[in-house]
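Down below is the structure, laid out as structure tokens.
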Amino acid sequence: MGQIMPAKAVRIYKIHSSGEAMQAILALEDGRIFRGKSFGAQTERSGEVVFNTSLTGYQEIFTDPSYAGQIVVLTNPHIGNYGTTPHDAEATRPYIEGLVTREFSPISSNWRSTQVADEYLERYGVPVISDIDTRAVVRHLRANGVMRGVLASGENLDADALVAKARSIRKMDGTDLASVVTTKTTYKWDANEPKNQTGDTLLTPAENADGKQMHVVAYDFGIKENILRMLTRENCSVTVVPATTPAEEVLAMNPDGVFFSNGPGDPEPLEYAIENARKLQGKKPIFGICLGHQIFGLALGGKTYKLKFGHHGGNHPIMNHQTGKVEITAQNHNFNVDPDSLPANVERTHTNLNDHTLAGLKHKTDPMFSVQYHPEASPGPHDSHYLFRDFRKMMEEWKK
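To convert, note that position 251 of the sequence shown is 257 in the numbering used here; the numbers rise steadily by one, no gaps.
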């Protein structure tokens, strides 16, 4: 007898009193209006509108805390078809403010799915607009830069009023969002929890898995769970601390290394994190990703600036200057470190080949390095997993 496949889960369009599909509107601050069909929550949400070019991994995008304060346009035209599962979440809930798609599937037919994407986003109050020309949205943002927007669904929507609201939204520039999304209490990452997938057979085993366990303290500025999984794969026990934890408290935990995570918003207002990086520099091996990289840049005396439309997607080419190889990477950030502002004792290790922006740095004498992209990339690509191994090796060298 053949294998019995799970039944397909189906959701239908939300219908209003006229019998037609419920309307949704995406209104941008420059007056551009996009009208489509409504999925997810029947509500109104606002934020900075960005686009992501990943072909898969939409649930990981939904639940990435780095997307706090942002409405996400997905360029892949078909979204929702494989549903959602707790195993693919990067946090306990979605952090996107809203979702913009060309086609949003009301059907979930993947055997791993436990809930269709429509119900999942509705449960957490995230509105979705579908059946619009997402190519037009992306071209508009590329030409004019990211901008504030409002996504609303329901009856009798006033487009002009939504545009006015978009213009009144606080800009991301100068906004500390890391302290909003961070954990409120210190906790130990539980590597034995099945959801944490430490023994994922799709990943190659770590070189140092059988070596002495290292203790890493990870600053949570909006940390993704796959980062914690990757550190665990390198035989590290991980203690996660709130974003504002003083460096003195971290050093009192006697870690073998300290990790600065990804996160949302502008790095410049994070004076507490910048100061902590300075206090930890040279005292412990430290590794930073994304927002953590930007914090390192500022702590070392550099400057940051906002990109025109950011880097968001799983297909960005990065040149590794140390190996001469090109890595395909996952990225999600709106700000970048100005390489010309860094002092002479900082080495440029990686460059984004799309726009030649700084993608990685390393201090020439202190055990300190960072990258602007996401080497833990979930669901992929996996080209940059070696960076977690490099961090492990740095900790081993420091202990000698």
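For glycine and all other residues, C-beta sits at the position ideal for the given N, C-alpha and C. Computed from a predicted structure; not experimentally measured.
What's the gap between the Cα of residue i and the Cα of residue j?
{"i": "Y225", "j": "M28", "result": "42 angstroms"}
{"i": "N99", "j": "S384", "result": "For the record, residue 99 in the displayed sequence is Arg; it is not Asn. Rounded to whole angstroms, R99 to S384 spans 16 angstroms at the Cα level."}
{"i": "D396", "j": "Y101", "result": "30 angstroms"}
{"i": "Y88", "j": "R108", "result": "16 angstroms"}
{"i": "P345", "j": "N282", "result": "21 angstroms"}
{"i": "V247", "j": "H317", "result": "27 angstroms"}
{"i": "L348", "j": "L163", "result": "49 angstroms"}
{"i": "I77", "j": "D36", "result": "16 angstroms"}
{"i": "I10", "j": "Y193", "result": "At I10, the pLDDT of 38 sits below 50, so the modelled position is not reliable; the number obtained from the coordinates is stated separately. The alpha-carbon atoms of I10 and Y193 are separated by roughly 41 angstroms."}
{"i": "P133", "j": "F110", "result": "12 angstroms"}
{"i": "Y73", "j": "G269", "result": "8 angstroms"}
{"i": "Q219", "j": "K312", "result": "39 angstroms"}
{"i": "E403", "j": "G53", "result": "44 angstroms"}
{"i": "T91", "j": "N82", "result": "20 angstroms"}
{"i": "G330", "j": "T250", "result": "37 angstroms"}
{"i": "L234", "j": "W195", "result": "7 angstroms"}
{"i": "P71", "j": "T189", "result": "11 angstroms"}
{"i": "H22", "j": "I31", "result": "The predicted position of H22 is uncertain, since its pLDDT is 46 and thus under 50; a value taken from the coordinates is nonetheless stated next. Taking the straight line joining both Cα atoms gives about 15 angstroms."}
{"i": "N351", "j": "K309", "result": "15 angstroms"}
{"i": "R129", "j": "V79", "result": "20 angstroms"}
{"i": "I324", "j": "L304", "result": "22 angstroms"}
{"i": "V16", "j": "I113", "result": "For V16, the pLDDT reaches just 48, beneath the cut-off of 50, and the residue's location in the model is therefore unreliable, although a value from the coordinates is still provided. Their backbone Cα atoms lie some 5 angstroms apart in a straight line."}
{"i": "A13", "j": "G271", "result": "Low confidence applies here, because A13 scores a pLDDT of 39, under 50, leaving its location unreliable and the question unanswered by this model."}
{"i": "F68", "j": "A142", "result": "22 angstroms"}
{"i": "G180", "j": "M259", "result": "32 angstroms"}
{"i": "G307", "j": "A253", "result": "18 angstroms"}
{"i": "V264", "j": "P291", "result": "6 angstroms"}
{"i": "N342", "j": "D139", "result": "29 angstroms"}
Closest to residue i by CA distance: which of the options is it?
{"i": "K416", "options": "V106, Y101 and S52", "result": "Because the chain spans 7 through 406 in this model, residue 416 falls outside it and cannot be assessed."}
{"i": "P382", "options": "E402, N358 and A336", "result": "Residue identity check: residue 382 is Glu in the sequence provided, not Pro. The candidate whose alpha carbon is nearest that of E382 is A336."}
{"i": "V122", "options": "T357, P71 and F45", "result": "F45"}
{"i": "N360", "options": "T329, E333, V134 and S347", "result": "E333"}
{"i": "C242", "options": "D272, N198, H299 and N268", "result": "N198"}
{"i": "K171", "options": "D272, V187 and L34", "result": "L34"}
{"i": "S115", "options": "R145, G86, T181 and A279", "result": "G86"}
{"i": "F227", "options": "M178, N260, G294 and G288", "result": "G294"}
{"i": "G155", "options": "S174, D139, T140 and D137", "result": "S174"}
{"i": "V222", "options": "K230, D182, V187 and F266", "result": "F266"}
{"i": "V144", "options": "H93, F40, D272 and R239", "result": "F40"}
{"i": "L61", "options": "H322, R398, P112 and S390", "result": "H322"}
{"i": "V55", "options": "H146, T329 and L183", "result": "H146"}
{"i": "H380", "options": "M400, H299 and M374", "result": "H299"}
{"i": "N232", "options": "G63, E277, K289 and I292", "result": "G63"}
{"i": "M236", "options": "L393, I67 and I324", "result": "L393"}
{"i": "D166", "options": "L367, L297, N338 and R38", "result": "R38"}
{"i": "G320", "options": "S390, F302 and Y278", "result": "S390"}
{"i": "F302", "options": "T357, E277, K230 and N326", "result": "E277"}
{"i": "K368", "options": "N338, N340 and N326", "result": "N326"}
{"i": "Q378", "options": "P273, M401 and T245", "result": "P273"}
{"i": "N58", "options": "K230, N338, K290 and E125", "result": "N338"}
Quick check: does the Cβ of residue i come within less than 7 angstroms of any heavy atom belonging to the ligand SAH?
{"i": "N351", "result": "Of ligands this structure carries none, so the ligand SAH is not represented either."}
How far does the alpha helix (DSSP H) with residue i in it reach, from first residue to last?
{"i": "F302", "result": "L297 to A305"}
{"i": "E254", "result": "A253 to A258"}
{"i": "H362", "result": "Element bounds for H362: n/a, residue is neither H nor E."}
{"i": "N268", "result": "It is not in any alpha helix (DSSP H) - N268 carries neither H nor E in the DSSP assignment."}
{"i": "H221", "result": "Where H221 is concerned, there is no enclosing alpha helix (DSSP H), although the beta strand (DSSP E) it sits in stretches over M220 to D226."}
{"i": "T238", "result": "E231 to R239"}
In three-state terms, what does DSSP make of residue i?
{"i": "L393", "result": "helix"}
{"i": "V122", "result": "coil"}
{"i": "R17", "result": "The predicted position of R17 is uncertain, since its pLDDT is 47 and thus under 50; a value taken from the coordinates is nonetheless stated next. If DSSP states are grouped into helix, strand and coil, R17 belongs with coil."}
{"i": "F68", "result": "helix"}
{"i": "H22", "result": "Residue confidence is low: H22 scores 46 on pLDDT, short of 50, so the model does not pin down where it sits. No coordinate-derived value is stated."}
{"i": "P291", "result": "coil"}
{"i": "V144", "result": "helix"}
{"i": "Y130", "result": "coil"}
{"i": "Y278", "result": "helix"}
{"i": "E96", "result": "coil"}
{"i": "L61", "result": "coil"}
{"i": "D344", "result": "strand"}
{"i": "Y193", "result": "strand"}
{"i": "R354", "result": "strand"}
{"i": "R398", "result": "helix"}
{"i": "R284", "result": "helix"}
Just curious, the beta strand (DSSP E) that residue i is in, first and last residue?
{"i": "N6", "result": "The structure shown has nothing for residue 6, since the chain only spans 7 to 406."}
{"i": "D166", "result": "From DSSP, D166 is part of no beta strand (DSSP E) but of the alpha helix (DSSP H) over A165 to S174."}
{"i": "Y379", "result": "Run containing Y379: none; DSSP gives neither H nor E here."}
{"i": "S185", "result": "S185 -> not in any beta strand (DSSP E); alpha helix (DSSP H) instead, spanning A184 to V187."}
{"i": "M153", "result": "M153 to S159"}
{"i": "L34", "result": "Q29 to L34"}
{"i": "I77", "result": "Q76 to L80"}
{"i": "I39", "result": "I39 to G46"}
{"i": "P385", "result": "Where P385 is concerned, there is no enclosing beta strand (DSSP E), given that its DSSP letter is neither H nor E."}
{"i": "T245", "result": "C242 to P248"}
*asked:* Under 8 angstroms, with one C-beta from each stretch per pair, do the stretch 157-174 and the stretch 48-57 reach the 3-pair mark?
replied: yes
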